[in-house]
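Residue numbers (mature numbering (1 follows the signal peptide of the UniProt record, and there is no 0)): -18 to -1, 1 to 924.
For reference, the structure discussed in these notes is given below.
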Amino acid sequence: MKIFKLLIFTLVYKFTNSSKQTTDISVGYVYCEPEELIRAEGIVNELNNEIVNMNSKSRARLILRGLQLKPNENTISLSLSICQNLINHNPIYAVIVGKSHCLVDKEKTTEGLFDNDYISTLSAVAFTCAYYQIPIIDLYSRDATYSDKSIFSTYVRMSPPYFHQANIWLEIVREFDWKSVNIIHSINTEGKMLAAKFQYLADHHDVKIANEFEYNAGRDNYNDLISKLVQSNSKVYLLQAEPKDAYNILKQAEENDLLTSGNVWITNDQILSNKTFSKLTNGVLIAEYVEGVENLFYSLAIIKKAYETLYPYQLKKPPLNCSDNGLEWDLGRKIYEEIIFNMHEFDDKKIEFDDDGDRISTYYNIINLNNNKKKKVGEFTLDSKSMNLKIDSSLIVWPGNFKHKPDGTKWSSKFKIVVIEEKPFIFKIPKPDNKKCSEFINNSYDCPWSYKNKSRNFCCYGYCIDLIKKISDKLDFDYELYLAPDGLYGDLDTNKQWNGLMGELVSERADLILAPFTINPERAQYVDFTKPFKYQGITILVKRKGSDSSLVSFLQPFKDGLWVIILLSVHIVALVLYLLDRFSPFGRFKLSKTENTEEDALNLSRALWFTWGVLLNSGIGEGTPRSFSARVLGMVWAGFTMIMVASYTANLAAFLVLDRPEASITGINDARLRNPSDNFSYASVKGSAVERYFKRQVELSTMYRTMENKNYNTAEDAIEDLRNDKIQAFIWDSARLEYEARKSCDFITTGELFGRSSYALALKKGNPWLQKISLNILTLHENGFIEDLDKEWILLNNTSCQIRDSSPSTLGLTNMAGVFMLVAGGIIVGIFLIFIEIAYKKRKDKKVRQHDISRNAFATWRKNVEKRKLRATQGSFNEGTRHEDGFLKIPISSHYQKINSIRTEPRKTNFILDSEEIDPKIKMNESKSLNRKLTKTPKICD
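This is the structure:
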């Protein structure tokens, strides 16, 4: 069976070799020692004897062409040597650079210095190959210079650059839960790239760089650097240095007690090149790269594999001499891309590169130096998908021979806190002489103020004072307060310097800002914020609008035109009712003339009384319509008045609900804010987060330009001017404005919150107390202490304004004053009319008395006449005889005499003349004439 399998394998091998074309691939190898070339040739022979890949279309046979480097060879001679010995007449597909230690100045190496001449000499190889588009693989170089693809466009390295140790530093910091670090690096390319990479990684994790210190390499004195390290609150130091610089820095750090217990030092593995490092490195952690002994094998295998993969795209051979232009050979660039953009798998290892050609699949040992000995305490592996750190902290000996993990922070037991007056968070009052603040007001503390040779002593109390007292009691630290000299929150001036609270903290005159301090990106670049203690936003404070009620507010439910029409309708309907009842055969007017009834006729005044009575829902006792037509109209009028009264009542109720004191604007989108005018002004506070918010928002740029020159130095000044109507709106933080609205019902906040933000305490960058204070603030939120502060200082436990706003509207004298005025007018008119009536009555009674007197006088005169008449009549009985028909017969002479005497008497008397003595016609005419004269009433003068 074994023989059969061997036969099959042999046939496949022969068939494969016969069906595939073998191509020679020349690879240049740059080395120092002859033993390196011998080893490389052995690897090439091994690769050439491997079984050809079944999927390959060609078999690449490697041919090695070596170039030995000469000690102290300069850049120009090395470039010429590459051209003459490798490129000319030899098509080189790739170049591998082995150990190049022969280029390094041994005197500098023993001193612990990094030889820059070595870098520049070696770069000649990389630059020459890049010019001709020949891929170059460096087996050992780790300098950051070669990551610059603008110069070394075809450079690949099998060892990771030094700045990749930033990955390991970050993982160690996270493993031991250090939140803040100091990074110390040189100003050369190596140091800057390592710092930049660590900063990038730290920004994506919960790690703060407290300080970043740069230094010039090659110095003997680093006292200025050490003095800054002493002032740092973080005790974790990440050091990038060459061996001699590292020695000097650590020596001076020991002199300043920075290598004692509680400190942490992590360095790059470059310092390990100094084999005689002293005890100064005790407790230092180092990530040491484990150099791959098979890098040469993997490099040759990768080149062979890349060529076989790209064989179909080969168009022509590489440049044959140095006068050719490498840009015309595109296969070299394709081989380079095939190398760096693919993962190369071998039996025991995976090799990957990043876009810059730097190897990323690496392995490190975590070394702890103690008593000048290296001790492995962990390991670190890295590939394109993950980073894995394994470390045994029990094996680590920290600086000062400390066995337990340091917390990495420098704890200060006393804070210097800067505050600013901002009601209700911080109140200030002058401190009484010879008396403590706590004796004057409970929970108040000294907060002196000084500015430009002026100073005063104040006592501070309020929301924030209670908050910091609670935090300090819990975390056991002391503090002292002082007021910001310029009384500002802080803004960048023309010289990019902070003033106000920010200036005090950034300049390290203060350790903490205690104020309603808004978190924003500009400030966060310079200070660290705790977790928020108050969430809020921006709102607008305005004065409440007064009630629009007037003396005639009861008329407001209807418009003036409707009232006029109603008044006209009353009189028109009254007139029509009168006419209908007047001309109807069944009306009261006709009935009063024809029937024996006591009902009065419906005259015009009674018709008016009826229409007004129905409209005002008063009782109607007299003068109602009698005719059917008038009654139909009366019913329609009653329905009309019912509808109008109901509508009036409903509109009056709605008017009372809406007739409340309210804001004069609706919110941030109000047209008077977006389109400002001269008679409506508004403002905020200079240098505040609110002003910055308006400055950042493009849609609010018009408002920002309007407010820019009107903004106040303090919120207190703005609120006072709002109270005095110098401005119409004040835009500020909602917490302060809610306090003002609760304190005084003359103010009201309007519109929805916008620009939501939060208040927090601010500390210097890298302050170790940040995490503890933040956790304590979260605890205060959970146990309700923050809510209690809100009720006590902001809401003031005062709901009078809210109750007044939410309670149902009730009628007051202001609303109904017009009605009372109407009644008072009716009383005055009634009194006036009663006087007129009295005067009229007196005049009428006088005339009646005069008439009665005249009547009495006339009656007396008449009586007297009748008496004389009677006497005269009695005398005639004696002179005349009675006729047989009963009439008295009087002689004619006496008749005319009586006639004449009677004419002088105004008395109506009927006389019967004797028919025999007077002609009947004459007798009748004279009788009529006599009757007319006798019935004539005499004129009675006053």
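Cβ coordinates follow ideal geometry from the N, Cα and C atoms, glycine included.
Residues of its chain near residue i, where Cβ-Cβ distance is below 8 Å and the 5 sequence neighbours each way are ignored
{"i": "Thr648", "result": "Thr732, Gly733"}
{"i": "Leu562", "result": "Gly569, Pro607, Ser609, Ser611, Ala612, Leu615"}
{"i": "Phe180", "result": "Ala148, Trp151, Leu152, Ile165, Ile191, Leu220"}
{"i": "Leu457", "result": "Trp751, Lys754, Ile755, Asn758"}
{"i": "Asp510", "result": "Lys190, Ala744, Leu745, Lys746, Lys747, Gly748, Asn749, Leu752"}
{"i": "Asp342", "result": "Reading off the sequence shown, one finds Ile at residue 342, where the question assumed Asp. Only Pro142, His146, Glu334, Phe335, Asp336, Leu364, Asp365, Ser366 meet the Cβ criterion."}
{"i": "Asn882", "result": "Low confidence applies here, because Asn882 scores a pLDDT of 49, under 50, leaving its location unreliable; read the following figure in that light. Cβ neighbours of Asn882 beyond the five flanking positions: none."}
Per DSSP, the bridge partner or partners of residue i
{"i": "His326", "result": "Ile333"}
{"i": "Tyr443", "result": "Phe409"}
{"i": "Ala269", "result": "Ile348"}
{"i": "Glu462", "result": "Lys398"}
{"i": "Ser437", "result": "Ser432"}
{"i": "Asp510", "result": "Leu745"}
{"i": "Ser168", "result": "Tyr197"}
{"i": "Arg341", "result": "Phe335"}
{"i": "Tyr664", "result": "Ala711"}
First through last residue of the alpha helix (DSSP H) which encompasses residue i
{"i": "Leu121", "result": "No alpha helix (DSSP H) contains Leu121, which DSSP labels as neither H nor E."}
{"i": "Glu18", "result": "16 to 30"}
{"i": "Gln213", "result": "205 to 213"}
{"i": "Ala653", "result": "653 to 656"}
{"i": "Leu559", "result": "542 to 565"}
{"i": "Ile150", "result": "147 to 157"}
{"i": "Ala126", "result": "Ala126 -> no alpha helix (DSSP H), and no H or E assigned at all."}
{"i": "Tyr675", "result": "671 to 678"}
{"i": "Val488", "result": "482 to 488"}
{"i": "Arg687", "result": "683 to 690"}
{"i": "Thr761", "result": "751 to 764"}
Buried or exposed by the 16-neighbour rule on C-beta atoms within 10 Å, applied to residue i
{"i": "Phe729", "result": "buried"}
{"i": "Val672", "result": "buried"}
{"i": "Ala636", "result": "exposed"}
{"i": "Thr476", "result": "exposed"}
{"i": "Pro301", "result": "buried"}
{"i": "Lys413", "result": "buried"}
{"i": "Glu486", "result": "buried"}
{"i": "Asn56", "result": "exposed"}
{"i": "Lys217", "result": "buried"}
{"i": "His833", "result": "exposed"}
{"i": "Thr4", "result": "exposed"}
{"i": "Leu719", "result": "buried"}
{"i": "Val77", "result": "buried"}
{"i": "Ala506", "result": "exposed"}
{"i": "Met175", "result": "buried"}
Endpoints, the beta strand (DSSP E) within which residue i is located
{"i": "Leu220", "result": "218 to 221"}
{"i": "Leu240", "result": "From DSSP, Leu240 is part of no beta strand (DSSP E); its letter is neither H nor E."}
{"i": "Lys356", "result": "355 to 364"}
{"i": "Asn370", "result": "369 to 373"}
{"i": "Ile520", "result": "516 to 525"}
{"i": "Val596", "result": "Looking at the DSSP string, Val596 is not in any beta strand (DSSP E); the run it does join, the alpha helix (DSSP H), is 586 to 597."}
7 Å CB neighbourhood of residue i in its chain, flanking five on each side removed
{"i": "Trp619", "result": "Val555, Thr593, Val596"}
{"i": "Ile408", "result": "Val401, Ile402, Cys442, Gly444, Cys446, Ile447, Ala497"}
{"i": "Lys703", "result": "It is worth fixing the name first, because residue 703 is Asp in this sequence and not Lys. Answer for Asp703: Ile709, listed in chain order."}
{"i": "Val163", "result": "Val155, Val189, Ile191, Ala192, Ser216, Val218, Leu220"}
{"i": "Phe158", "result": "Lys387"}
{"i": "Ala269", "result": "Gln147, Ile150, Asp251, Tyr346, Ile348, Phe362"}
Cutoff 7 Å: residue i Cβ touching any chain D Cβ
{"i": "Ser566", "result": "Absent from the structure: chain D. Only one protein chain is present."}
Beta-carbon proximity list for residue i, same chain, < 6 Å, skipping 5 on both sides
{"i": "Gly80", "result": "Tyr13, Glu18, Leu121"}
{"i": "Lys903", "result": "Because the pLDDT at Lys903 is just 45, under 50, the model does not fix this residue reliably, and the value given afterwards should be weighed accordingly. Nothing listed; no residue qualifies."}
{"i": "Ile922", "result": "Residue confidence for Ile922 is low, a pLDDT of 39 falling below 50, so the modelled location carries little weight and cannot support an answer."}
{"i": "Ile450", "result": "Leu496"}
Proximity test, residue i beta-carbon vs the ligand GTP heavy atom, cut-off 6 Å
{"i": "Ala108", "result": "In the structure on display, the ligand GTP does not appear, and there are no ligands present to speak of."}
Hey, is the segment 463 to 474 in contact with the segment 415 to 425, meaning 3+ C-beta pairs nearer than 8 Å?
Taking a contact to require three or more Cβ pairs closer than 8 Å, the segment 463 to 474 and the segment 415 to 425 do not qualify as touching.
For the pair the segment 551 to 560 and the segment 705 to 716, tell me if three or more CB-CB distances fall below 8 Å.
no
With contact counted as at least three CB pairs below 8 Å, one residue from each stretch, are the segment 459 to 466 and the segment 369 to 383 in contact?
no
Determine contact between the segment 225 to 235 and the segment 127 to 135, defined as no fewer than three beta-carbon pairs at a distance below 8 Å.
no
Does the segment 316 to 329 come close enough to the segment 235 to 251 to have 3 or more Cβ pairs within less than 8 Å?
no
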